[in-house]
Amino acid sequence: MAEARSSVNNGVNVAALIAAREAITKAPAAAQFKWRAACEWKDGTHSHSTVESFYGLGQEQHHKKIFTFDADHPQIFASEDKGATPVEYILVGLASCLTGAIAAVAQYRNIQLRSVIATIEGDMDARGILGVDEDVRNGFGGIKVTYKIDADAKREDIEALVAQSQKRSAVYDIVTNPTNVTVIVD
Amino acid sequence: MSRCLSDRSIDHAVLERGEVAHTWRTERWDSLRLLTPNWQSRLPGFGYIGDDPDGYRTLAEVIEYIASYADAISAPVITHTTVWSVRNADSGYLVRTDQGDWQCRAVVVASGACNIADVPPFASKVPRSIMQLTAQEYRNPDQLPCGSILVVGASSSGTQIAKEVHRSDRPVILSVGEHIRAPRVYRGKDLEWWMDAAGLLDERYDEVDNIARARRVPSLQLAGTPDRSTLDINALTAMGVKVVGRLAGISEHGRAQFSGSLRNMCALSDLKMGRLLDRIDEWAQRSGFDSAVGPPHRLPPTRVEPAPPLAMELASGEIKTIIWATGYRPDYSWLEVPVLDSRGRIQHDGGVVSAPGMYLMGAQFLRRRKSALIDGAGDDARDLSAHLISYLESRLARIRG
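Each protein sequence line maps, in turn, to chains H and C. Residue numbers for the first sequence follow this note's numbering, beginning at 124 and rising by one. Residue numbers for the second sequence follow this note's numbering, beginning at 2 and rising by one.
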């Protein structure tokens, strides 16, 4: 059993994560992060965003390269469809955050994953964003994530994995709980 | 602890701010019954001898039980004595009270884990037209105005208060965060019986994976009722209680926002309950107990409506009262010995506090899973009094040596 356990490898360095947690417990200031993105309007509803630097562990940090994201709207909204819609980026953010958390929790619980596939769907009533009906909210009415997971574990353990990943996910928290947002003009 | 010290002829005093069982007399709601069955209150040499071992003591019976025990063991209780401060002194500790000072070599902190009702900071944004109560202040529905009630918190207190208030024709909306569901009776036996028999309640603090987490776990969603019914979210929704997500915040304009995490909170709770029942079933099988009880079964999953409300205008006048059942924390404001961590928690190793000669009793999972139960006091007191006495002896040996 011990050998089987030690062979679990989901590509997550749990030892490093645990060490980081201990370090941050001792020095709470290091836990303060700032995540950033820059967004520039191109044309129509098309914008180009970049992600490069962030702050954490007490200092400025950089990604290995600049990541870029084009956002636009599809042609049925009379746009040119040069990128995913911003709301789809939210779905990508939620699914990728939960999926990453599943891998980390699985590694911690000695569960070998073979495949994890999420499909995610957000319901939206477009009367909100189009201003047709004041009573309809702009954002999603609800979001549904469906996981297909192949792993060396019982169904209950996989369900517990998925439940725990929601408990630990930043994006899940962001979309399920209110956040104060301040938008200013420089 | 007093009994253990008396048994070893250790001179001591028990300081009590009011009467014996003060918290039970003054800080609990009228209909509350003990969460553990009668047979399980096994203070050393003072178990249950009545004819209803499976029943649950009423508030009056709990007070009577604890007061009788104090009499039976001739505990040197000094009532109506409020401790102002405990600080280091040359010979040990100086205890200042409203009835004079005490010098002592050792101190046992048994002032309870539930002194202050923990209310989220955004409670200050609740419109003034709404009455606010904590579970500590709630007594009975007659205290409350007519109209809807928002009960925040769905552990043991929140679910019991929600049930009682809803039955008084005051519609309840229950805000549900993390909680632990548990059947009152499982396979014909009280859940506490199973946990006791299977050794779960005796699990030690130095045997569990993550003691800090185990100490933070919310109380089991159990209630002591004459009909021994299970009080879970499903039972409450069947009564007509409306269930919403964790209260995540209140805006400046009095808009309460509920988390969209309700489904996962219920899933986590169902899964935790499933693991507990798995352990019980495994024990029943291993110990040959399987044939003596009903077959294993599982409760239906917690029902959550497809789209629970995410917000509520508190100023609209629909909600007349908010009851905060959001947990408690201990009050150590009188403790002037540097034993608290940055978050105000007392630092201890299984009740042996980091200051020499200081001990803690009655905290969640102090030494065992049962530490916060009446039934846990005996074993903890035996262990900690032994440590305390050896501390006094070693101190004496040093002075003499």
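Beta carbons are placed, not taken as given, at the ideal position from N, Cα and C, and that holds for glycine. The model shown is predicted, which means the values in this text are computed figures rather than measured ones.
Let me confirm a value: residue i is counted as buried when at least 16 other C-beta atoms fall within 10 Å, else exposed. Which label applies?
{"i": "C/V242", "result": "buried"}
{"i": "C/T327", "result": "buried"}
{"i": "H/W164", "result": "exposed"}
{"i": "C/G48", "result": "exposed"}
{"i": "H/A125", "result": "Any reading at H/A125 must be qualified, since the residue scores a pLDDT of 38, below 50, and its modelled position is unreliable; the value itself is stated next. It is exposed - the Cβ of H/A125 has fewer than 16 other Cβ atoms within 10 Å."}
{"i": "H/A160", "result": "exposed"}
{"i": "C/Y414", "result": "Residue numbering for chain C in the displayed model covers 2 to 402; residue 414 of chain C lies beyond these limits and cannot be assessed."}
{"i": "H/R128", "result": "Note that H/R128 scores 48 on pLDDT, short of 50, meaning its location in the model is unreliable and no value can be drawn from it."}
{"i": "C/N265", "result": "buried"}
{"i": "H/T168", "result": "buried"}
{"i": "C/H167", "result": "buried"}
{"i": "C/E17", "result": "buried"}
{"i": "H/K277", "result": "exposed"}
{"i": "C/L341", "result": "exposed"}
{"i": "H/I305", "result": "For the record, residue 305 of chain H in the displayed sequence is Thr; it is not Ile. H/T305 is exposed by the Cβ-count criterion."}
{"i": "H/Q155", "result": "exposed"}
{"i": "C/V354", "result": "buried"}
Does DSSP put residue i in a helix, a strand or coil?
{"i": "H/F177", "result": "strand"}
{"i": "C/Y49", "result": "coil"}
{"i": "H/C162", "result": "strand"}
{"i": "H/T222", "result": "helix"}
{"i": "H/A127", "result": "Annotation note: pLDDT 41 at H/A127 (below 50); position unreliable, no value reported."}
{"i": "C/I11", "result": "coil"}
{"i": "H/Y212", "result": "helix"}
{"i": "H/V285", "result": "helix"}
{"i": "H/K267", "result": "strand"}
{"i": "C/E452", "result": "Because chain C spans 2 through 402 in this model, residue 452 of chain C falls outside it and cannot be assessed."}
{"i": "C/Y1", "result": "Within the shown structure, residues of chain C are numbered from 2 to 402, placing residue 1 of chain C beyond reach of any answer."}
{"i": "C/H180", "result": "coil"}
{"i": "C/L223", "result": "coil"}
{"i": "H/V239", "result": "strand"}
{"i": "C/Y57", "result": "coil"}
{"i": "C/T80", "result": "coil"}
{"i": "C/K190", "result": "strand"}
{"i": "C/T27", "result": "helix"}
{"i": "H/Q198", "result": "helix"}
{"i": "C/M240", "result": "helix"}
If you check the beta carbons only, do residue i and residue j fall under 7 angstroms apart?
{"i": "C/I323", "j": "C/Q133", "result": "yes"}
{"i": "C/I251", "j": "C/K371", "result": "no"}
{"i": "C/Q222", "j": "C/I162", "result": "no"}
{"i": "C/V84", "j": "C/Y94", "result": "no"}
{"i": "H/A194", "j": "H/G206", "result": "yes"}
{"i": "C/R29", "j": "C/I74", "result": "no"}
{"i": "C/N235", "j": "C/R304", "result": "yes"}
{"i": "C/A249", "j": "H/P301", "result": "yes"}
{"i": "C/Q137", "j": "C/A118", "result": "yes"}
{"i": "C/V173", "j": "C/I150", "result": "yes"}
{"i": "H/V294", "j": "H/Q230", "result": "no"}
Pick from the options: whose alpha carbon is nearest that of residue i?
{"i": "C/D102", "options": "C/A118, C/I79, C/P339", "result": "C/I79"}
{"i": "C/W325", "options": "C/C105, C/G189, C/A155, C/D55", "result": "C/A155"}
{"i": "C/P219", "options": "C/A373, C/S386, C/P172, C/P302", "result": "C/A373"}
{"i": "C/E314", "options": "C/Q348, C/Q258, C/R168", "result": "C/Q258"}
{"i": "C/A198", "options": "C/P297, C/L6, C/I67, C/I281", "result": "C/I281"}
{"i": "C/G24", "options": "C/I212, C/I64, C/R9, C/S395", "result": "It should be noted that the sequence gives Thr, not Gly, for residue 24 of chain C. Checked all of C/I212, C/I64, C/R9, C/S395; the closest Cα to C/T24 is C/I64."}
{"i": "C/P307", "options": "H/D273, H/Q289, H/V298, H/I266", "result": "H/I266"}
{"i": "C/G379", "options": "C/I390, C/E394, C/M362, C/L389", "result": "C/M362"}
{"i": "H/E183", "options": "H/D256, H/A153, H/T173, H/K271", "result": "H/A153"}
{"i": "H/A241", "options": "H/K290, H/V268, H/A201, H/G254", "result": "H/V268"}
{"i": "C/A71", "options": "C/D52, C/R58, C/D53, C/G46", "result": "C/G46"}
{"i": "C/D271", "options": "H/S219, H/L217, H/R232, H/A286", "result": "H/A286"}
{"i": "C/I400", "options": "C/S92, C/A22, C/R205", "result": "C/S92"}
{"i": "C/L44", "options": "C/S317, C/D376, C/H388", "result": "C/D376"}
{"i": "C/P121", "options": "C/P301, C/W335, C/R247, C/H254", "result": "C/R247"}
{"i": "H/P209", "options": "H/G254, H/G245, H/V239", "result": "H/G245"}
{"i": "C/R9", "options": "C/G402, C/R396, C/R97, C/S386", "result": "C/S386"}
{"i": "H/T299", "options": "C/L263, C/A398, C/A107", "result": "C/L263"}
{"i": "H/Y270", "options": "H/N233, H/V255, H/A226", "result": "H/A226"}
At what residues does the alpha helix (DSSP H) containing residue i begin and finish?
{"i": "C/R396", "result": "375-401"}
{"i": "C/R370", "result": "Run containing C/R370: none; DSSP gives neither H nor E here."}
{"i": "H/Y295", "result": "293-299"}
{"i": "C/M313", "result": "Counting along the chain, C/M313 falls outside any alpha helix (DSSP H), though it belongs to the beta strand (DSSP E) covering 312-314."}
{"i": "H/A142", "result": "137-149"}
{"i": "C/K273", "result": "263-287"}
Since residue i is in the beta strand (DSSP E), which residue starts that stretch and which ends it?
{"i": "C/R168", "result": "Premise fails: C/R168 lies in the alpha helix (DSSP H), 157-168, not in any beta strand (DSSP E)."}
{"i": "C/C105", "result": "101-105"}
{"i": "H/E183", "result": "182-194"}
{"i": "C/K321", "result": "320-325"}
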